[in-house]
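Heads up: the protein sequence lines correspond to chains A and B, in order. Our numbering puts the last residue of the first sequence at 235; the count rises by one with no breaks. Our numbering puts the last residue of the second sequence at 235; the count rises by one with no breaks. Quick reminder that beta carbons are idealized off the backbone N, C-alpha and C, glycines included.
Protein chains: 2
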Amino acid sequence: MTDRTAEAPSSATLSSTLVGRLRNAIMRGDLMPGTRLNLDRMRASFGVSLSPLREALCRLENDGLVTIVDQRGYRVTPVSAENLAEVIRLRVELEGMALREAIQHGDIAWEGRILAALHQLNRCKRSARSSIEEQEVWELAHRAFHAELIAACRMPLLQQFCATLHDQSDRYRRIFLKTHTPDRNVAEEHAAIADAVIKRRVREASAILRAHIERTGRNIQTALDHGLCST
Amino acid sequence: MTDRTAEAPSSATLSSTLVGRLRNAIMRGDLMPGTRLNLDRMRASFGVSLSPLREALCRLENDGLVTIVDQRGYRVTPVSAENLAEVIRLRVELEGMALREAIQHGDIAWEGRILAALHQLNRCKRSARSSIEEQEVWELAHRAFHAELIAACRMPLLQQFCATLHDQSDRYRRIFLKTHTPDRNVAEEHAAIADAVIKRRVREASAILRAHIERTGRNIQTALDHGLCST
DNA sequence: GCGCCCCCAATCATCGATTATTTTTGAATC
DNA sequence: GATTCAAAAATAATCGATGATTGGGGGCGC
Numbered sequence: 005m006t007d008r009t010a011e012a013p014s015s016a017t018l019s020s021t022l023v024g025r026l027r028n029a030i031m032r033g034d035l036m037p038g039t040r041l042n043l044d045r046m047r048a049s050f051g052v053s054l055s056p057l058r059e060a061l062c063r064l065e066n067d068g069l070v071t072i073v074d075q076r077g078y079r080v081t082p083v084s085a086e087n088l089a090e091v092i093r094l095r096v097e098l099e100g101m102a103l104r105e106a107i108q109h110g111d112i113a114w115e116g117r118i119l120a121a122l123h124q125l126n127r128c129k130r131s132a133r134s135s136i137e138e139q140e141v142w143e144l145a146h147r148a149f150h151a152e153l154i155a156a157c158r159m160p161l162l163q164q165f166c167a168t169l170h171d172q173s174d175r176y177r178r179i180f181l182k183t184h185t186p187d188r189n190v191a192e193e194h195a196a197i198a199d200a201v202i203k204r205r206v207r208e209a210s211a212i213l214r215a216h217i218e219r220t221g222r223n224i225q226t227a228l229d230h231g232l233c234s235t
Numbered sequence: 005m006t007d008r009t010a011e012a013p014s015s016a017t018l019s020s021t022l023v024g025r026l027r028n029a030i031m032r033g034d035l036m037p038g039t040r041l042n043l044d045r046m047r048a049s050f051g052v053s054l055s056p057l058r059e060a061l062c063r064l065e066n067d068g069l070v071t072i073v074d075q076r077g078y079r080v081t082p083v084s085a086e087n088l089a090e091v092i093r094l095r096v097e098l099e100g101m102a103l104r105e106a107i108q109h110g111d112i113a114w115e116g117r118i119l120a121a122l123h124q125l126n127r128c129k130r131s132a133r134s135s136i137e138e139q140e141v142w143e144l145a146h147r148a149f150h151a152e153l154i155a156a157c158r159m160p161l162l163q164q165f166c167a168t169l170h171d172q173s174d175r176y177r178r179i180f181l182k183t184h185t186p187d188r189n190v191a192e193e194h195a196a197i198a199d200a201v202i203k204r205r206v207r208e209a210s211a212i213l214r215a216h217i218e219r220t221g222r223n224i225q226t227a228l229d230h231g232l233c234s235t
């Protein structure tokens, strides 16, 4: 899986950097779900040749952000209420499993990293009037916090699945809750999860995480229903 | 995800057919874990250009059969006891979840398809003296049976995860249990699963499936430990 | 003799052009 | 007016060649 946090520092191949750029464009909704991705035009607008572009799109297909049909090109993966429901459901199950494992295996240093990630996240301003850059920083910190929660689970494949699902879930949130100001105190929820995790309260932690994910899911689902009706 | 059953009938792009050929080569152990995949030599031996080759390898990376390192080429994903353990663990959890959902949602036609798949599977001869082709047919039927069990779960993403994990698990089995004659009556286990599923006995079905997966896992793990020591 | 640096061969990454496929368009027919 | 077929335009897939990057081996200084 491509690293989402570090922006390809040294040994970055052109394809890899493209993956990052395209991922951001899709996640933030610059490229809306269902959009056809014309190769020639993309080649022109990104200033690259077809080979790295194809490779980047192929890698994004793995993350479920792009859909390929042989001989018929690429498009941004469409959205649907059913797909969102499945993403949320799987996030609950898989992140829950990962969290339980992490609590079982994590050491003190891991607890420290969770607190650090939480602190970093809380330092991000996030309101309706935040600049794009500020929001972007919050997204990164938010992603990092959730990743850290399950980082100690010793199951790399599972972490990868969770990352993929989180990507897809974030895309929905960022597109359909774009105008939606945070209605609930998300920061408190994060703090509660971190607290329960560090106190090694397995049941409590996974219950809060589940609620956290499902609440977000319901909010998106509502917005999605309205959005799809009006379109 | 690429279709594993149909061998790219009509609108097959060169890359797609390559994916199938390479997947088979890796799954059956012609290309052993860890092998470096030299692009030039492969280009020559498959008689294609670099573009479709790269694309095929990229798609196989998604399935976890090939590992890419920027600027340093491709290699067949290595194996390890830890990885195998995680694959088995995740198969148990995810296929279990999928099976429970399928039992809940499946209709009569689905039951019929399960029985059909089981029948097809039982008609395959499988012994130490089977020809390669016969073994290949069994592998396909086996895969189809397991896929059918969870086909009614209404969770396409979950099915995809299961398919990926099954691929990885099958690779281990086919490489490390190559000489190993089936020690137990696998056919009976399959019949028992199908029976429990059709009788809608959720707990019983998932318990048998779990045992089925874990037993195979233990056998592979044993062979793997010996194999890795002797190498 | 040992370690470091630079150069060369091998190999991966990228490009621009060519070929094959799909989609559109437009004219002829029913 | 709708339908069907064929040619043309658009677009995707593939190729062969060119431009980077890496890793190994010989030469130089210490």
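What does residue i touch in chain A if you count any residue whose Cβ is under 7 Å from its own?
| i | result |
| --- | --- |
| residue 97(B) | 101 |
| residue 53(B) | Residues of chain A passing the Cβ test: none, with the nearest at roughly 11 Å. |
If you draw a straight line from the C-alpha of residue i to the C-alpha of residue j, how long is it?
| i | j | result |
| --- | --- | --- |
| residue 3(B) | residue 156(B) | A query on residue 3(B) cannot be resolved here, the shown segment of chain B reaching from 5 to 235 and no further. |
| residue 176(B) | residue 216(B) | 15 Å |
| residue 66(B) | residue 45(B) | 23 Å |
| residue 78(B) | residue 71(B) | 6 Å |
| residue 68(A) | residue 172(A) | 7 Å |
| residue 63(B) | residue 23(B) | 7 Å |
| residue 14(A) | residue 73(B) | Any answer about residue 14(A) is weak, because its pLDDT of 45 lies below 50 and its placement is not dependable; what the coordinates show is given next. Spanning the two alpha carbons is a distance of roughly 13 Å. |
| residue 227(A) | residue 115(A) | 35 Å |
| residue 129(B) | residue 135(B) | 10 Å |
| residue 39(A) | residue 26(A) | 13 Å |
| residue 188(B) | residue 165(A) | 33 Å |
| residue 57(A) | residue 80(A) | 14 Å |
| residue 132(B) | residue 33(A) | 55 Å |
| residue 95(B) | residue 30(B) | 20 Å |
| residue 54(A) | residue 48(A) | 10 Å |
| residue 5(A) | residue 220(B) | Because residue 5(A) carries a pLDDT of 44, less than 50, the predicted location of this residue cannot be relied on, and the following value inherits that uncertainty. Spanning the two alpha carbons is a distance of roughly 28 Å. |
| residue 182(A) | residue 150(A) | 20 Å |
| residue 119(B) | residue 194(B) | 10 Å |
| residue 51(B) | residue 28(B) | 17 Å |
| residue 124(B) | residue 105(A) | 39 Å |
| residue 209(B) | residue 200(B) | 5 Å |
| residue 167(B) | residue 174(B) | 10 Å |
| residue 180(A) | residue 158(A) | 33 Å |
| residue 43(A) | residue 112(B) | 45 Å |
Could you name the residues that DSSP lists as bridge partners for residue i?
| i | result |
| --- | --- |
| residue 71(A) | 79(A) |
| residue 117(B) | Paired residue(s): none; residue 117(B) is not in a bridge. |
| residue 41(A) | 78(A) |
Please list, in chain order, the chain B residues whose beta carbon lies closer than 7 Å to that of residue i.
| i | result |
| --- | --- |
| residue 159(A) | 90 |
| residue 66(A) | 66 |
| residue 165(A) | 165 |
| residue 20(A) | 74 |
If you check the beta carbons only, do residue i and residue j fall under 8 Å apart?
| i | j | result |
| --- | --- | --- |
| residue 229(B) | residue 89(B) | no |
| residue 1(A) | residue 41(A) | Past the edges of chain A, shown from 5 to 235, lies residue 1(A), and the structure says nothing about it. |
| residue 139(A) | residue 17(B) | no |
| residue 117(A) | residue 152(A) | yes |
| residue 103(B) | residue 154(B) | yes |
| residue 197(B) | residue 212(B) | yes |
| residue 191(A) | residue 126(A) | yes |
| residue 214(A) | residue 100(A) | yes |
| residue 91(B) | residue 169(B) | yes |
| residue 107(B) | residue 178(B) | no |
| residue 98(A) | residue 161(A) | no |
Along chain A, which residues have their Cβ under 8 Å away from the Cβ of residue i?
| i | result |
| --- | --- |
| residue 59(B) | 58, 59, 62 |
Strictly below 8 Å CB to CB, what residues from chain B border residue i?
| i | result |
| --- | --- |
| residue 162(A) | 90, 94 |
Of all the alpha helix (DSSP H) runs that stay within the bounds of the region 134-162 of chain A, which reach a length of 4 or more residues?
Qualifying alpha helix (DSSP H) stretches, in chain order: 136-153.
Ordered list of alpha helix (DSSP H) runs contained in the region 157-235 of chain A, each at least 4 residues
If you keep only unbroken alpha helix (DSSP H) runs of at least 4 residues inside the region 157-235 of chain A, you get 160-180, 190-202, 206-234.
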